[in-house]
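These protein sequence lines map, in sequence, to chains A and B.
Residue numbering for the first sequence is 1 to 113, as defined by this note's numbering.
Residue numbering for the second sequence is 114 to 225, as defined by this note's numbering.
For reference, the structure discussed in these notes is given below.
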Amino acid sequence: QQQVKQSPQSLIVQKGGISIINCAYENTAFDYFPWYQQFPGKGPALLIAIRPDVSEKKEGRFTISFNKSAKQFSLHIMDSQPGDSATYFCAASIKTSGSRLTFGEGTQLTVNP
Amino acid sequence: KAGVTQTPRYLIKTRGQQVTLSCSPISGHRSVSWYQQTPGQGLQFLFEYFSETQRNKGNFPGRFSGRQFSNSRSEMNVSTLELGDSALYLCASRMGLQETQYFGPGTRLLVL
């Protein structure tokens, strides 16, 4: 019940295209859903996060869509750039109780020039 | 403000040895969490310390232990190393338990 399922495992997109990564969770107590971006040799960096009381959050080219009834959330990267090539992790936690992050399996995104 | 720092960045050990990894959190952050990252298992939570107390522990054997000092710096120890312990060990800090976690660059451990 603590798992977060992420797909696809890998994704190849052309420059300027839209990258979409999906995650699903089971634990309805989760109340915080961040996305992390990780480049080779670096630790994960927080990209954008959402709470379940909103259905969408946008920051620049990055948008999180959240579907509470389906227990799913997704990351959309608009106008994808080669510099976006990285591994993306979705995660979930019960922020109100200060719980740990439960991560998805990760998606390796490659944006071709 | 300086980010989370981890030392050493790379480490090679042999089976049966023990290892200690160090993490210095962002100034003012009182919580430190440790994660193990491997290609097969992804990011797995090891434990979290807050104000020198372990408040959360993941599903890892007792060979994995940690501690936190009064200045919030944390160490993680792995005893009797196994080949499967080869991984990137990540440390993350946050100011309070409901705040965002910030990750360090990790320590890459190779067990031969």
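Backbone N, C-alpha and C fix where the C-beta goes; we use that ideal spot for every residue, glycine too.
Small disclaimer: the values here were computed from a predicted structure and weren't measured.
Taking 8 Å as the upper bound for CB-CB distance, B/R122 and B/P218 are in contact here, some 7 Å apart. Counting only residues of its own chain and dropping the five nearest sequence neighbours on each side, A/Q14 has a CB closer than 7 Å to the CB of N112. In summary, the residues of the stretch 133-163 of chain B whose CB is separated from some CB of chain A by less than 7 Å are S146, G155, L156, F158, E161, in the order they occur in the chain. Linking B/C204 to A/R100 through their CA atoms gives a straight-line distance of about 13 Å. The secondary-structure analysis by DSSP pairs B/R176 with nothing; it has no beta-bridge partner. Interface flag for A/R51 against chain B is unset, since no Cβ pair is found closer than 8 Å. Only residues of its own chain outside the window of five on either side were considered, and among them N22 have a CB closer than 7 Å to the CB of A/S7, listed in chain order. By the Cβ neighbour-count rule, A/P44 is buried, with 16 or more other Cβ atoms within 10 Å of its own. Residue A/L75 holds the alpha-carbon nearest to the alpha-carbon of A/Y88 among A/L75, A/P82, A/A29.
Across the set B/Q167, B/E188, B/Q130, the C-alpha of B/E188 shows the shortest separation from the C-alpha of B/T220. For B/F173, no Cβ of chain A is located within less than 8 Å of the residue's own Cβ. A direct Cα-Cα distance of roughly 11 Å separates B/P174 from B/T193. If you check each beta-carbon in the stretch 21-33 of chain A against every beta-carbon of chain B, none falls closer than 8 Å.
Chain-ordered, the chain A residues with CB closer than 7 Å to the CB of B/Q214 read L101.
Within the same chain, Cβ atoms closer than 7 Å to the Cβ of A/P52 are found at D31, F66, K68, the five residues on either side in sequence being excluded. Judged by DSSP secondary structure, A/S7 falls within the beta strand (DSSP E) whose first and last residues are 4-7.
Secondary structure note for A/F66: its beta strand (DSSP E) is the uninterrupted segment 62-67.
Per DSSP, the unbroken beta strand (DSSP E) holding A/H76 starts and ends at 72-77. In the three-state reduction of the DSSP assignment, A/K15 falls in the coil class, being assigned neither a helical nor a strand state. Looking from the CA of B/T133, the closest CA among B/Q154, B/L223, B/V191, B/V145 belongs to B/V191. Listed as beta-bridge partners of B/R221 by DSSP are B/Y123, B/L201. The residues I48, in chain order, have a CB closer than 6 Å to that of A/E59 in the same chain once the five nearest residues on each side in sequence are set aside.
Among the residues facing chain B, A/L109 is not included, as its CB has no counterpart in that chain under 8 Å away.
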